[in-house]
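The structure appears below as structure tokens.
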Amino acid sequence: MLVHAVSALLDLGVVDLLEDGPRELADLARETGVPAERLTVVLRAVTAAGLVRQPAPGRHELTPAGNHLRRGDALGLRDLFRMCTHGDFFRAWSQLGAAVETGRSPFELQTGRGLFPYLAGRPEESELFRRAMNASAPADVLLRAADLSGAATVADLGGGEGATLAAVLRARPGAAGVLFDLPEVVAGAGPLLRREGVADRCTVVSGDLFEGVPAGADVYVMARVLQNWGPEDAVRILRNVRDAMPETGRLLVVGHLSDDERPDPFVEAIGLSMYVLYGAPPRTRADHEGLFARAGLALHAVHPVPDGASVMDVRRA
7 MLVHAVSALL DLGVVDLLED GPRELADLAR ETGVPAERLT VVLRAVTAAG
57 LVRQPAPGRH ELTPAGNHLR RGDALGLRDL FRMCTHGDFF RAWSQLGAAV
107 ETGRSPFELQ TGRGLFPYLA GRPEESELFR RAMNASAPAD VLLRAADLSG
157 AATVADLGGG EGATLAAVLR ARPGAAGVLF DLPEVVAGAG PLLRREGVAD
207 RCTVVSGDLF EGVPAGADVY VMARVLQNWG PEDAVRILRN VRDAMPETGR
257 LLVVGHLSDD ERPDPFVEAI GLSMYVLYGA PPRTRADHEG LFARAGLALH
307 AVHPVPDGAS VMDVRRA
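Residues in the sequence shown are numbered consecutively from 7, following my numbering.
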């Protein structure tokens with residue numbers, strides 16, 4: 007039940023109070039308005055979980071792992087955690103065993119609908135999902151691991167409201183962008199793209215990955231998109247991307263690669279979370295290579311980054 011202790015840590019504002027360094031328990035109690043003896047109940051639990059530590063008796067600070075719960079952290083775990091511990095997002099975990107048995111996603115078993123049809127009628131949950139996706143946009147992963155120097159046009163497929171693409175365009179002032187996602191998703195992209203100063207270099211296109219994608223980009227990006235779909239759906243999407251790619255085009259697939267021999271706790275936690283939402287199992291490098299081959303593509307290189315994510319550089323076979 008440590009997950010609930012982490013939720014309390016956020017709800018009480020303790021993470022925010024610890025952002026600038028260690029604080030005394032008495033100060034935390036005064037600023038949160040919670041008596042120290044009750045606040046200690048939560049602090050002990052999150053200390054046991056490795057998110058907080060005591061550099062001296064009665065003094066608390068965030069650990070490196072706890073720092074990922076701060077606002078603006080590159081991994082975006084704060085908003086992702088908020089989403090995953092809310093309402094049906096959280097209750098769906100109780101369906102994990104049944105999902106493995108039946109082949110349906112835990113979220114679908116919990117709510118009777120897939121994730122996106124469910125979100126269509128629920129503004130509160132849609133906002134939680136939107137914030138989690140924007141906050142965890144893996145732009146830093148792309149910029150650290152992938153060579154985008156020769157790309158005149160970058161198309162972000164399933165790019166949401168454009169957080170990843172905006173960061174790429176800011177880093178590549180001479181490049182143009184294409185943001186592609188469902189109509190109801192890209193409808194909210196304008197404010198973000200204008201705020202980031204890239205709206206004049208970004209074409210917003212609405213559509214469905216299963217129907218086709220914009221043609222002719224130098225680099226296509228699918229950031230944490232392919233991992234949301236089962237094998238048959240993933241291959242269908244990949245074939246549409248191949249049909250749109252020029253001969254010299256590249257597809258950069260960003261995601262977390264499972265490793266059967268040396269499983270990483272963070273990677274497996276993310277993979278399991280995605281399985282609960284979408285029903286698609288975590289995949290290894292070999293699993294991805296099989297999908298690419300079926301779509302007429304080939305894995306050219308894998309660029310891992312420290313948080314466990316990888317950028318897979320995929321080209322025509």
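For glycine and all other residues, C-beta sits at the position ideal for the given N, C-alpha and C.
Residue of the options minimising C-alpha distance to residue i
{"i": "residue 199", "options": "241, 171, 124, 57", "result": "171"}
{"i": "residue 13", "options": "87, 323, 251", "result": "87"}
{"i": "residue 213", "options": "234, 227, 165", "result": "165"}
{"i": "residue 266", "options": "100, 260, 288, 283", "result": "288"}
{"i": "residue 278", "options": "156, 256, 96", "result": "96"}
{"i": "residue 98", "options": "293, 298, 138, 280", "result": "280"}
{"i": "residue 309", "options": "148, 216, 187", "result": "148"}
{"i": "residue 221", "options": "233, 163, 190", "result": "163"}
{"i": "residue 9", "options": "321, 48, 255", "result": "48"}
{"i": "residue 123", "options": "284, 296, 295", "result": "284"}
Residue j beta carbon less than 8 Å from that of residue i
{"i": "residue 167", "j": "residue 201", "result": "no"}
{"i": "residue 258", "j": "residue 152", "result": "yes"}
{"i": "residue 210", "j": "residue 192", "result": "yes"}
{"i": "residue 303", "j": "residue 230", "result": "no"}
{"i": "residue 43", "j": "residue 65", "result": "no"}
{"i": "residue 263", "j": "residue 291", "result": "yes"}
{"i": "residue 154", "j": "residue 282", "result": "no"}
Supposed close pair residue i, residue j - CB separation, criterion 8 Å
{"i": "residue 15", "j": "residue 52", "result": "5 Å"}
{"i": "residue 204", "j": "residue 175", "result": "4 Å"}
{"i": "residue 145", "j": "residue 169", "result": "7 Å"}
{"i": "residue 83", "j": "residue 92", "result": "Wrong, their Cβ atoms sit about 15 Å apart, outside the cutoff."}
{"i": "residue 115", "j": "residue 104", "result": "6 Å"}
{"i": "residue 178", "j": "residue 311", "result": "Contact flag wrong, Cβ pair sits at about 19 Å."}
Identified DSSP bridge partners for residue i
{"i": "residue 226", "result": "161, 257"}
{"i": "residue 362", "result": "Because the chain here runs from 7 to 323, residue 362 falls outside it and cannot be looked at."}
{"i": "residue 187", "result": "212"}
{"i": "residue 66", "result": "29"}
{"i": "residue 59", "result": "67"}
Beta strand (DSSP E) segment containing residue i, residue limits
{"i": "residue 319", "result": "315-322"}
{"i": "residue 309", "result": "303-310"}
First and last residue of the uninterrupted alpha helix (DSSP H) at residue i
{"i": "residue 8", "result": "8-17"}
{"i": "residue 176", "result": "169-177"}
{"i": "residue 103", "result": "102-108"}
{"i": "residue 196", "result": "195-201"}
{"i": "residue 51", "result": "42-54"}
{"i": "residue 123", "result": "121-126"}
{"i": "residue 278", "result": "271-284"}
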